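Visitor:
Numbering (my numbering), first residue to last: 9 to 240.
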């Protein structure tokens, strides 16, 4: 403890006290002239370039070892995660489970190339109660139905915010944030709650997935371009 106190006192005498004793100019302490002494221990030097000869020396030393050549060959011809994985560890630490969770809700669903995970998760939970009530072996609620209304609500929200920020410069940070991603696929529980409360739910057979619902990147870019065209 005594050593820590002495070290702290030495630090205060050597660094803090000289800084506090300076006259402040515009509320700042200017220490540019002494940067080398403060941060580099009084030693100043120019940064060295990476010489080609140095890299050639590294390469020669690396390839001189047969183990390194073998490692390079293995890592360049296969997935490094598989090459570096320990086979003995995989054998010794196998994941074996003795609890089976009852399967609820079928069929298994697939969001494809879209960001609708939150809609799939919620509709897959909602359908369980319906399947039990009507004794159904298989049932699916339409994710595309909620996806459509979500896009419409996000577009309206974006335009309302653009109206509210009409007096702001186009390069203002809030405006740029609004323009960056006005109708993304993502969402969360409160959003799906409000969508279902307002628009309800329909079976997947009555509102099946379209190509744009399964692969939403193209339609998103078209909608964003149209929305941004209203911003002047």
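Where is the CB? At the ideal position from N, CA and C, for every residue including glycine.
Quick caveat, the model's predicted, so the values are computed rather than measured.
Between which two residues does the alpha helix (DSSP H) harbouring residue 137 extend?
Guide: Looking at the DSSP string, the run of the alpha helix (DSSP H) that includes residue 137 is 125 to 141.
Visitor: According to DSSP, simplified to helix, strand and coil, what is residue 229?
Guide: Helix.
Visitor: Per DSSP, what kind of secondary structure is residue 178 in: helix, strand or coil?
Guide: In this structure, residue 178 counts as coil in the three-state DSSP scheme.
Visitor: Is it the case that the Cβ atoms of residue 114 and residue 194 are separated by a distance below 8 angstroms?
Guide: Cβ atoms of residue 114 and residue 194: not closer than 8 angstroms.
Visitor: Grouping DSSP H, G and I as helix and E and B as strand, with all else coil, what is residue 257?
Guide: The requested residue 257 does not occur in the structure, where the chain is confined to residues 9 to 240.
Visitor: Decide yes or no for the touch test of the region 161 to 181 against the region 85 to 95: beta carbon pairs closer than 8 angstroms, at least 3 of them.
Guide: Contact fails: fewer than three Cβ-Cβ distances are below 8 angstroms.
Visitor: Okay, do the region 123 to 133 and the region 194 to 205 touch, 3+ Cβ pairs below 8 angstroms being the bar?
Guide: Yes, the region 123 to 133 is in contact with the region 194 to 205.
Visitor: With 16 other CB atoms within 10 Å as the buried threshold, where does residue 45 fall?
Guide: Reliability fails at residue 45, whose pLDDT of 47 lies under 50, so the model's placement of it is uncertain and no value is given.
Visitor: Can you give the Cα-Cα distance for residue 236 and residue 211, rounded to whole angstroms?
Guide: The alpha-carbon atoms of residue 236 and residue 211 are separated by roughly 34 angstroms.
Visitor: Helix, strand or coil: how does DSSP classify residue 88 here?
Guide: Helix.
Visitor: Smallest Cα separation from residue 178: which of 56, 238 and 143?
Guide: Residue 238 is the option with its Cα nearest to residue 178.
Visitor: Is the Cβ-Cβ distance between residue 229 and residue 152 less than 8 angstroms?
Guide: Cβ atoms of residue 229 and residue 152: not closer than 8 angstroms.
Visitor: Is residue 223 helix, strand or coil when you go by DSSP?
Guide: Reduced to three states, the DSSP call for residue 223 is strand.
Visitor: Please report the residue range of the alpha helix (DSSP H) in which residue 204 lies.
Guide: Run containing residue 204: 197 to 207, per the alpha helix (DSSP H) assignment.
Visitor: If we count Cβ pairs, one from each stretch, closer than 8 angstroms, do we get three or more for the region 132 to 140 versus the region 171 to 190?
Guide: In short, these stretches do not touch, since the Cβ pair count stays below three.
Visitor: May I ask you to report which of helix, strand or coil DSSP gives residue 237?
Guide: In this structure, residue 237 counts as coil in the three-state DSSP scheme.
Visitor: Could you tell me if residue 154 is buried or exposed, where buried requires 16 or more neighbouring beta carbons within 10 angstroms of its beta carbon?
Guide: Buried, by the Cβ-count rule.
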